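Notes to accompany the following structure.
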Amino acid sequence: MKKINVGIIGLGRAGQMHLHNLMTLPEVNIVQLADVFIDKFSDKLNELGFTNLTTDYHDLLNNPEIDTVFVFTSTDTHEQIVTDAAKAGKNIFCEKPLSMNTIESASVNVLKEVKKNGVKLQMGFNRRMDPQFRDIYTQVRNGNIGNPQIVKITSRDPDLLPHDLIQRIGGLLFDFTMHDFDMARYMMNSNISEVYAKGGTLIDPTLKDINDIDTLALVLQFENGAYGLIDNSRKAVYGYDQRVEVFGSKGMLKAENVSQSTVELYNETNKIERKPLPIFVQRYHEAYIAEMKAFISSLLEDKPVVATGEDVIMAQRAAIAAQESMKTGKPVKVNTHFSLA
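Shown next, in the form of structure tokens:
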């Protein structure tokens, strides 16, 4: 069996999850691990059989044995690490987003470096690979609901994040809603052409101190004339709330929350259902593995990746437009043309 020789950069909460997922894939040979706080994880990593550890990700990029790197660091480091990896000739998987920069040109320059060096880059829009959402996507493409006219997306986290983490990963729009912008565009098979956003701090007023919000409502228009509705919250007391609906000329498709059990209790006083799964690691477990398999397949079989640099730029543009819309109180147009020429 042909294998991919891998280096992993970033071993925080997401990095640990991805590491364990990659360990289950027989096509992956994990050569070296990097994290600025690697000493915190060394004992645990040694127990798993990993001894080639470093605090400097450049050691991975300079390692001729490694052909592919996985970047699971905080968002504020992605542009630099991806640029350096492309220059080193490594194929790259990078967690979304590529940047929390409101100046798009910086991200475009990263993608130009990727193209110049002829390496593959897949962005971590894992929800594209979720079995439920993928089923909706396929049925929409097959024309099962006719022409799609409205997409509705609900994404609500179960818990507030620490302020220092929010500042490293980009705030609600660039970290959280970025998934929803991509999902909306993915489902409708059309670029977002206009965004109208209203957001505020209905849960944690101290988020104003770091220029962030915890509650968001969005109206989207797509290049094909269709519409989208997104609502986000940083705290749903009942669990991780993730739902998608696509309405069309011949019907509707929707994916409800996933819980630990589908058993429902009905009695004379009420109906009882299990709460949604509590956190993203559990809710999107299958999707995280599927996106890794898809990336490895794209490398071994030289196939297109499932989420490209263009996809992340389009989501980033929508986030920038939403930020501007909240400031002005008006809808903001989004550039739908993309070229690295």
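Numbered continuously in the numbering used here, the sequence shown closes out at residue 1523. All residues carry an ideal CB built from backbone N, CA and C; glycine is no exception. Everything numeric in this text was worked out from a predicted model, so none of it was measured.
Cα-Cα, which of the options is closest to residue i?
i            : options                   : result
residue 1343 : 1351, 1336 and 1513       : 1351
residue 1421 : 1464, 1228, 1409 and 1380 : 1464
residue 1408 : 1429, 1423 and 1266       : 1429
residue 1295 : 1501, 1491 and 1519       : 1491
residue 1370 : 1390, 1320 and 1381       : 1320
residue 1341 : 1396, 1444, 1456 and 1317 : 1396
residue 1487 : 1356, 1311, 1224 and 1230 : 1311
residue 1239 : 1457, 1272, 1208 and 1230 : 1272
residue 1243 : 1456, 1367, 1267 and 1380 : 1267
residue 1461 : 1183, 1185, 1306 and 1419 : 1419
residue 1270 : 1194, 1249 and 1382       : 1249
residue 1446 : 1440, 1456 and 1189       : 1456
residue 1361 : 1376, 1290 and 1499       : 1499
residue 1184 : 1512, 1207, 1193 and 1199 : 1207
residue 1282 : 1353, 1444, 1489 and 1411 : 1353
residue 1431 : 1386, 1322 and 1521       : 1322
residue 1245 : 1521, 1189 and 1386       : 1189
Quick check: what's the CA-CA separation for residue i versus residue j?
i            : j            : result
residue 1210 : residue 1475 : 10 Å
residue 1413 : residue 1337 : 6 Å
residue 1388 : residue 1345 : 9 Å
residue 1435 : residue 1363 : 18 Å
residue 1251 : residue 1453 : 48 Å
residue 1264 : residue 1236 : 18 Å
residue 1485 : residue 1478 : 10 Å
residue 1384 : residue 1355 : 16 Å
residue 1259 : residue 1279 : 11 Å
residue 1482 : residue 1519 : 31 Å
residue 1306 : residue 1451 : 44 Å
residue 1196 : residue 1467 : 12 Å
residue 1512 : residue 1501 : 14 Å
residue 1194 : residue 1217 : 8 Å
residue 1404 : residue 1332 : 10 Å
residue 1285 : residue 1517 : 13 Å
residue 1324 : residue 1201 : 35 Å
residue 1339 : residue 1505 : 20 Å
residue 1198 : residue 1297 : 29 Å
residue 1368 : residue 1416 : 23 Å
residue 1509 : residue 1220 : 40 Å
residue 1375 : residue 1241 : 42 Å
residue 1440 : residue 1317 : 14 Å
residue 1381 : residue 1257 : 22 Å
residue 1459 : residue 1442 : 6 Å
residue 1205 : residue 1448 : 42 Å
residue 1480 : residue 1313 : 19 Å
residue 1433 : residue 1469 : 26 Å
residue 1274 : residue 1232 : 21 Å
residue 1523 : residue 1187 : 31 Å
residue 1444 : residue 1225 : 39 Å
residue 1521 : residue 1230 : 43 Å
residue 1489 : residue 1223 : 30 Å
residue 1288 : residue 1386 : 31 Å
Between residue i and residue j, is the Cβ-Cβ spacing less than 7 Å?
i            : j            : result
residue 1437 : residue 1358 : no
residue 1247 : residue 1292 : no
residue 1365 : residue 1309 : yes
residue 1503 : residue 1514 : yes
residue 1191 : residue 1255 : yes
residue 1496 : residue 1406 : no
residue 1203 : residue 1392 : no
residue 1214 : residue 1234 : yes
residue 1379 : residue 1507 : yes
residue 1473 : residue 1334 : no
residue 1348 : residue 1394 : yes
residue 1276 : residue 1290 : no
residue 1377 : residue 1402 : yes
Does chain C have any CB closer than 7 Å to the CB of residue i?
i            : result
residue 1395 : No chain C is part of this structure, which consists of one protein chain only.
Could you check whether the region 1298 to 1316 touches the region 1327 to 1334, counting it as contact only if at least three pairs of C-beta atoms, one from each stretch, sit closer than 8 Å? Taking 8 Å as the limit for Cβ pairs, the verdict is that the region 1327 to 1334 does not touch the region 1298 to 1316.
List, from N- to C-terminal side, the alpha helix (DSSP H) runs of 4 residues or more that fit wholly inside the region 1437 to 1485. Counting only runs that start and end inside the region 1437 to 1485, the alpha helix (DSSP H) elements of at least 4 residues fall at 1462 to 1465 and 1467 to 1482.
I'd like the ranges of any beta strand (DSSP E) spanning at least 3 consecutive residues and lying wholly in the region 1308 to 1389. Counting only unbroken stretches of 3 or more residues, the beta strand (DSSP E) elements lying wholly within the region 1308 to 1389 are 1330 to 1338 and 1374 to 1382, in sequence order.
Which parts of the region 1237 to 1321 are runs of the alpha helix (DSSP H), unbroken and 4 residues or longer, counting only runs that do not cross its ends? Whole alpha helix (DSSP H) segments, 4+ residues: 1240 to 1243, 1260 to 1269 and 1286 to 1298.
Quick one: which unbroken beta strand (DSSP E) runs of 3-plus residues sit fully inside the region 1396 to 1442? Chain order, please. List check, beta strand (DSSP E) in window: 1397 to 1404, 1409 to 1415, 1423 to 1430 and 1433 to 1437.
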